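Residue numbers (our numbering): 60 to 290.
Virtual Cβ for every residue (Gly too), placed ideally from N, Cα, C.
As the structure is a prediction and not an experimental result, all values here were calculated from the model.
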Amino acid sequence: KQTLRTEDPYASLRQRVNESLLAEVPALSLRISQAFDPFAEALRLAILANGFDFNPIHHPDFNRMLNEFKTALDVPFDLETTALKQALSEARTVLVLGDNFGEVVIDALLLEQIHQLNPDLNLVYAVRGQPVVNDVIAADARHAGIPRWAQIFSNGDDALGTLLPRTSPEFQAIYHQADLLLCKGQANYECLIDQPEKSHYFLLKIKCSVLALRTGLPIGTLACLAAPAGL
60 KQTLRTEDPY
70 ASLRQRVNES
80 LLAEVPALSL
90 RISQAFDPFA
100 EALRLAILAN
110 GFDFNPIHHP
120 DFNRMLNEFK
130 TALDVPFDLE
140 TTALKQALSE
150 ARTVLVLGDN
160 FGEVVIDALL
170 LEQIHQLNPD
180 LNLVYAVRGQ
190 PVVNDVIAAD
200 ARHAGIPRWA
210 QIFSNGDDAL
220 GTLLPRTSPE
230 FQAIYHQADL
240 LLCKGQANYE
250 CLIDQPEKSH
260 YFLLKIKCSV
270 LALRTGLPIG
280 TLACLAAPAG
290 L
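In structure tokens form, the structure reads like this:
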């Protein structure tokens, strides 16, 4: 930011990626509606979309990411959704912690299915308070159509992930109020896996050896992890 003299070095890329994925939404929505279990399909797509990661360490190439996403659409992976569905059906407030731009477009499809499961649910979608690398901000969430299904809420911080001591008092109030957290991405896993007082589901792609060792899952695995274990 200092070198480029801009608060958002990714501004043009976030616009292009969000628009490109919005163009995929009609086909993905049809896919979800025709699935045997629409919620499970939307959940699978939201986890798969965690592959849209433009952190420079991953040598990002959007065309490659999009091709990999489309190729993987017909490669099933098992998801046990019974417990999660039950928890969502019984919850009063669910906080979804977003991860990246682009990915947020696919998250909106999952939020739609959650709304159908529990129309009275207070559904909140958290974003970063300021641009940081490719993390999701309020502008991305609005662009993706999140307000149709959830309230957009800034965490008041510009760190990668969700570092609770750095977030705003308003965000911390929502965090503690929520019955259930759905946490997208590896950074949110790293920040919150050792917060035992909340019920979490972590939806992510395992992208490094540290997380592979911690989770016992190979790098590249698409995971839906409940915490505390056995939730």
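With burial defined as no fewer than 16 other Cβ atoms inside 10 Å of the residue's Cβ, what is the status of residue i: buried or exposed?
i    : result
A237 : buried
E249 : buried
E171 : buried
N214 : buried
G157 : buried
I116 : exposed
T130 : exposed
N193 : buried
D199 : buried
A86  : exposed
H235 : exposed
F95  : exposed
T65  : exposed
A70  : exposed
D120 : exposed
Give the secondary structure of residue i by DSSP, where H, G and I count as helix, E and B as strand, and everything else as coil.
i    : result
V186 : strand
A222 : Correcting the residue identity first, residue 222 is Leu in this sequence and not Ala. L222 falls in the coil class under three-state DSSP.
Q74  : helix
Q210 : strand
D120 : coil
V195 : coil
L281 : strand
V269 : helix
L180 : coil
L63  : coil
L169 : helix
L262 : strand
A286 : strand
L276 : coil
A82  : coil
Residue i and residue j look like a contact to me (Cβ under 8 Å); what is the Cβ gap, rounded to whole Å?
i    : j    : result
T140 : L102 : 6 Å
P277 : A286 : P277 to A286, Cβ: 20 Å. No contact.
N39  : V195 : Residue 39 falls outside the range modelled here, since the chain spans only 60 to 290, and no answer is possible.
C283 : L138 : 6 Å
T155 : L180 : Reading off the sequence, residue 155 comes out as Val, not Thr. Between L180 and V155 the Cβ distance is about 11 Å, and since that is not below 8 Å, they are no contact.
H88  : L168 : Strictly speaking, residue 88 in this sequence is Ser, with His absent from that position. Going by Cβ atoms, the distance from S88 to L168 rounds to 6 Å, so yes, they are a contact pair.
F136 : L281 : 6 Å
L239 : A150 : 5 Å
(request) Specify whether the segment 239 to 248 and the segment 208 to 221 touch according to this definition: at least 3 beta carbon pairs, one from each stretch, less than 8 Å apart. (result) yes
(message) Measuring CB atoms only, is the segment 158 to 170 touching the segment 76 to 87, in the sense that at least three cross pairs come out at less than 8 Å?
(response) yes
(request) Could I get the ranges of all uninterrupted beta strand (DSSP E) runs contained in the segment 224 to 260, with 3 residues as the minimum, in chain order? (result) 239 to 243
(request) Tell me, please, whether the segment 128 to 147 touches the segment 112 to 120 by the rule of three or more beta-carbon pairs shorter than 8 Å. (result) no
(message) Would the segment 251 to 270 count as touching the segment 94 to 109 if we require 3 or more Cβ pairs under 8 Å?
(response) yes
(message) Any contact between the segment 180 to 187 and the segment 195 to 212? By contact I mean 3 or more CB pairs, one from each, below 8 Å.
(response) yes
(request) Run through the segment 86 to 165 for me and flag every whole alpha helix (DSSP H) of 4 or more residues, listed as ranges in chain order. (result) 97 to 107, 121 to 131, 141 to 149
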